[in-house]
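Here the structure is laid out as structure tokens; the discussion comes afterwards.
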Amino acid sequence: MLRVASRRLSSLSSSSWSPTQTTAAAVSNRHHFFGSGDFSSDDSRSTSLYESSLGHYFHMSRRGFSSEQLVPKAELFSDVPATMAAIKNPSSKIVYDEYNHERFPPGDPSKRAFAYFVLTGGRFVYASVIRLLILKFVLSMSASKDVLALASIEVDLSSIEPGSTVTVKWRGKPVFIRRRTEDDIKLANSVDVLSLRHPQEDSQRVKNPEWLVVIGVCTHLGCIPLPNAGDFGGWFCPCHGSHYDISGRIRKGPAPFNLEVPTYTFLEENKLLIG
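The sequence shown runs 30 to 304 under the working numbering.
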């Protein structure tokens with residue numbers, strides 16, 4: 030009997046086989062040696078033990094490559110946690126645990142109104158926050174209140190005597206306000222404009238012939254000229270010898286341009302707004 034079994038084992042090892050075929054062959058051999066017929070419960074138990082031992086023996090003695098996986102996939106990571114098993118074996122078939130919660134299908138009509146409300150409210154909040162941030166950023170770039178207060182200045186002209194000059198500060202610069210007499214006005218209009226370095230009519234530099242408003246900064250190197258001085262009765266810059274006439278036009282010296290005229294308006298007869 031052992032000799033016949035060894036021959037059967039050698040024939041199985043030399044040919045292709047599968048675990049089911051091996052088990053079936055072992056069962057048929059057992060029937061051949063022990064006879065056929067109905068088995069009792071004890072015989073069935075002994076038969077299963079015999080089949081498992083033979084299958085394990087054939088599996089260990091088999092060498093080479095197999096085209097099929099001999100061990101089921103479920104038993105590969107039996108001792109590995111479920112998270113690690115999912116990472117090592119990625120699959121598109123995701124099964125959710127519905128034991129503790131109920132899952133609704135996508136687009137459930139009973140939940141649609143609530144979903145729209147939540148999405149719309151969230152977008153409204155996001156838009157409001159973005160708008161607030163933009164406004165804060167823009168306002169941070171604008172001028173502060175103290176700077177805006179210095180952007181314009183009101184001057185009372187009622188206290189200025191004819192022929193005198195008053196200096197006020199506007200945006201950190203001195204501004205000369207001169208109340209001209211009739212002789213000053215006639216002198217300013219009698220100048221040949223073509224002979225000037227920076228030709229300008231007196232009417233282009235004043236809104237009211239009685240009042241001349243200019244920025245008191247020399248156009249040469251930024252010095253402050255002295256009023257009621259110079260060869261032409263206007264302003265004189267002692268730094269480099271620039272002379273300006275009664276209309277603030279350069280007449281002599283290195284300065285290239287006339288004194289600048291700021292933006293101003295007459296609010297009333299004796300109220301001047303600069304800026």
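Using N, Cα and C, we set each Cβ at its ideal position, and we do this for glycine too.
Item                                                                                                                                                                                            : Value
How would you write the range of the beta strand (DSSP E) that Pro203 sits in, first residue to last?                                                                                           : Lys202 to Arg208
Using a Cβ-Cβ cut-off of 6 angstroms (strictly less than) and excluding sequence neighbours within five positions of Ser307, which residues of its own chain qualify?                           : For the chain, the structure presents residues 30 to 304; residue 307 sits outside this window and is missing.
From the DSSP secondary-structure annotation, give me the bridge partner or partners of Ile182.                                                                                                 : Ile303
Output the distance between the C-alpha atoms of Thr210 and Leu250, rounded to the nearest integer angstrom.                                                                                    : 30 angstroms
I need the straight-line Cα distance from Arg141 to Phe153, nearest angstrom please.                                                                                                            : 18 angstroms
Tell me whether the beta-carbon of Gly263 lies closer than 7 angstroms to the beta-carbon of Ile279.                                                                                            : no
Excluding five sequence neighbours on each side, which residues of the same chain lie with their C-beta closer than 6 angstroms to the C-beta of Lys122?                                        : none
Mind checking which residues open and close the beta strand (DSSP E) that includes Phe295?                                                                                                      : Tyr293 to Glu297
Pick helix, strand or coil for Ser248, following the three-state DSSP scheme.                                                                                                                   : For the sequence presented, residue 248 should be read as Thr rather than Ser. Three-state result, Thr248: coil.
Note down the Cα distance separating Ser139 from Phe146, rounded to an integer number of angstroms.                                                                                             : 13 angstroms
To which residues does DSSP link Ser271 through a beta bridge?                                                                                                                                  : Cys266
Within the continuous beta strand (DSSP E) that includes Ile279, where are the two ends?                                                                                                        : Ile279 to Lys281
Give the secondary structure of Val242 by DSSP, where H, G and I count as helix, E and B as strand, and everything else as coil.                                                                : strand
Hey, quick one: how far does the alpha helix (DSSP H) through Lys122 stretch, first residue to last?                                                                                            : Where Lys122 is concerned, there is no enclosing alpha helix (DSSP H), given that its DSSP letter is neither H nor E.
Give every residue of the same chain whose Cβ lies closer than 8 angstroms to the Cβ of Phe265, excluding the five residues on either side of it in the sequence, and list them in chain order. : Pro254, Leu255, Ala258, Gly259, Ser271, His272 and Tyr273
Whose C-beta lies closer than 8 angstroms to the C-beta of Pro291 among residues of the same chain, with five residues either side of it excluded?                                              : Trp199, Val204, Val242, Val243, Ile244, Ile303 and Gly304
What first and last residue would you give for the alpha helix (DSSP H) that runs through Val220?                                                                                               : That residue, Val220, is in no alpha helix (DSSP H); it is neither H nor E in DSSP.
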